[in-house]
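A.B. asks: Taking the numbering used here, I'd label the letters of the sequence shown as residues 1278 to 1636.
Beta carbons: idealized from backbone N, C-alpha and C, even for Gly.
The structure is given below, and queries will be raised subsequently.
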Amino acid sequence: MDRVGQLVTRVPPVTRYWLLSIIASATLTSLGWCSSKQLLFTPQRTFWSQPWRLITAFCHFEGLSFSLLVRVYYMMGSASDLESKFTTPLSMFPPRRMARLSESKHATLRAMVEAYKIPDYLYYMASIAASIIVVVTIGYYKLGINVSELSTVLDSVIWYIWCRQNPQSPVVIFGLFSIPGAYVPWCLTVMHAITQIDFAHQVYASLSLEASAVRSAVYMPFLWNEFVNYTVGHFWWFSRDFLLANVYFDKNEERRKIAWSETRQTQREYAGRGPLTTSDLLRLFMLPPWYWSILNRVEAMPESDENDENEQNQNDQNDQNDQTDEISQFEQNDQIEHNENDRHVLNGNENQVQVQVQE
1278 MDRVGQLVTR VPPVTRYWLL SIIASATLTS LGWCSSKQLL FTPQRTFWSQ
1328 PWRLITAFCH FEGLSFSLLV RVYYMMGSAS DLESKFTTPL SMFPPRRMAR
1378 LSESKHATLR AMVEAYKIPD YLYYMASIAA SIIVVVTIGY YKLGINVSEL
1428 STVLDSVIWY IWCRQNPQSP VVIFGLFSIP GAYVPWCLTV MHAITQIDFA
1478 HQVYASLSLE ASAVRSAVYM PFLWNEFVNY TVGHFWWFSR DFLLANVYFD
1528 KNEERRKIAW SETRQTQREY AGRGPLTTSD LLRLFMLPPW YWSILNRVEA
1578 MPESDENDEN EQNQNDQNDQ NDQTDEISQF EQNDQIEHNE NDRHVLNGNE
1628 NQVQVQVQE
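As structure tokens, then:
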């Protein structure tokens, strides 16, 4: 039991409580205290009379079984690693707001980001879950396809994001073979397709090119489920980890400081915010809402802190050194002129002595 307790405590908090809720829901359904139909997602019932399904649909797979324990074990690896490495980078903050902050305020903001890691990741997971609900609901009302096990979709989305962030990391599949992380989502899709007997039958029937067979194969819940997995997963990875982190953000600190100083100067000259861009909209959507209040508090902080004092002292010391160098240079030039005058006087005295000797 001690080893189990240590294993549980090593899991980051958000992932830990998510996995415990999955095991709890499986235990309740296995004991017959509730049924899976009461926990899964159905848009008509969820949005009208049973809103708890918005949460329970992400915490329920099936009853207690060996396959569930295997799934939880793999989820523990991917979700725990994703949460432990998760942070809100500077690329998520608006450059116009960051340009107004001094070095000391940047350090204060980084410290607050480190302190808010857990709620940031919880907001990240909640945003992914909300996007899954939106896509699944559209599919239900537009195509008539209902994806009820949202926990499976969330697990697949987390796997997709983790694999895109760790494309070279080896992943062992069922203890038999190891493949790079970049190919894991495709491998899991193929394995799910093989286990779906109806899917294989529909694909075989669609080879006849009959309209009804092709339509039934395209509108299968399995294909829609995989479509949701890849669409939501790629959107969050591409928007947050590629566009905002690489395309719209310069990782070189020196160039970034120069760009922020130019932005600050432009704001002072024109005093305008300018039009909203794609990066502004993405940051507005993905940045946790409490950071807007934090940015206001950090901007309102006084500038007379220790770092600014050290910087001012350094500037004063540099000015003093420059003045000392100027004084030393002036004294040196004065000494040179004085020596030249003495030399001329000595030369004049020597000439007078020579004239008197000749006389």
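1. Only counting the same chain, and skipping five residues up and downstream in sequence, which positions put a Cβ closer than 7 angstroms to that of proline 1290?
2. Taking phenylalanine 1454 as part of the beta strand (DSSP E), name the residues at either end of that continuous run.
3. With a cut-off of 8 angstroms on the beta carbons, I'd call alanine 1303 and leucine 1341 a contact; round off their distance for me.
4. Have a look at leucine 1420 and tryptophan 1501 and give me their C-alpha separation to the nearest angstrom.
5. Give the range of the beta strand (DSSP E) segment to which proline 1447 is assigned.
6. With distances taken from CA atoms, which of Phe1343, Phe1515, Val1430, Pro1371 is nearest proline 1565?
7. Relative to the alpha-carbon of valine 1412, which residue among Leu1572, Asn1506, Gly1354, Thr1385 has its alpha-carbon at the smallest distance?
8. Is the separation between the beta-carbon of threonine 1365 and that of valine 1390 shorter than 8 angstroms?
9. Kindly indicate which three-state DSSP category methionine 1640 falls into: helix, strand or coil?
10. Quick one: is cysteine 1311 buried, meaning 16 or more other Cβ sit within 10 Å of its Cβ, or exposed?
11. State the Cα-Cα distance for the pair glutamine 1327 and phenylalanine 1504, rounded to the nearest angstrom.
12. What's the call for methionine 1468, buried or exposed, on a 16-neighbour Cβ count within 10 Å?
13. How about phenylalanine 1318 and alanine 1334: do their beta carbons lie closer than 8 angstroms?
14. Give me, in chain order, the residues of the same chain whose beta-carbon lies closer than 6 angstroms to that of leucine 1520; leave out the 5 immediate sequence neighbours on both sides.
C.D. replies: Quick look at the numbers:
1. Ile1395
2. 1454-1457
3. 5 angstroms
4. 10 angstroms
5. 1447-1450
6. Pro1371
7. Asn1506
8. yes
9. Residue 1640 falls outside the range modelled here, since the chain spans only 1278 to 1636, and no answer is possible.
10. exposed
11. 26 angstroms
12. exposed
13. yes
14. none
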